[in-house]
Amino acid sequence: MTDPYENDPEVKRLSMKERMMGGWLYQVDGPLAEEQQAAKRWIAEYNAALAKTPNERRELLKVGLGSVGEKSIVRAPFFVDYGTNIHLGKGRKENVPLLPIL
């Protein structure tokens, strides 16, 4: 694939993650692909943890999300591409299939 920013030195110098976070076109490759794979492994573990206590599930959320407020919980199924930019406030409860788009 040709880089659409080939002639834009300001964007061309950015990493793919910086492009993604800045709202520019990007490719999921290299470190970004590794982050996505790690998130897939984490979310599979979280979604399989329905029988665990709310505190155990909250601890799992803290592993993959940016921050998790006290008493916050998300019921499975939960889907993310990366997870680290998601922040749940105190007492946040999600009980439907959740797919945050960030």
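For our numbering, count along the sequence shown from 1 and bump the result up by 10.
All residues carry an ideal CB built from backbone N, CA and C; glycine is no exception.
For the alpha helix (DSSP H) containing W52, list its first residue and its last residue.
W52 -> alpha helix (DSSP H) spans P41 to N57.
Under 8 Å Cβ to Cβ from E16, same chain only, skipping five residues before and after it: list those, please.
Apart from sequence neighbours up to five positions away, the residues of its chain that approach E16 with a beta-carbon distance below 8 Å are K22, ordered along the chain.
Tell me where the alpha helix (DSSP H) around G33 begins and ends.
Segment: none, G33 is in no alpha helix (DSSP H) and carries neither H nor E.
Nearest-angstrom Cβ-Cβ length linking M26 and D39, presumed shorter than 8 Å:
Going by Cβ atoms, the distance from M26 to D39 rounds to 6 Å, so yes, they are a contact pair.
With DSSP collapsed to three states, give me the class of L98.
For L98, the secondary structure class from DSSP, reduced to helix, strand or coil, is strand.
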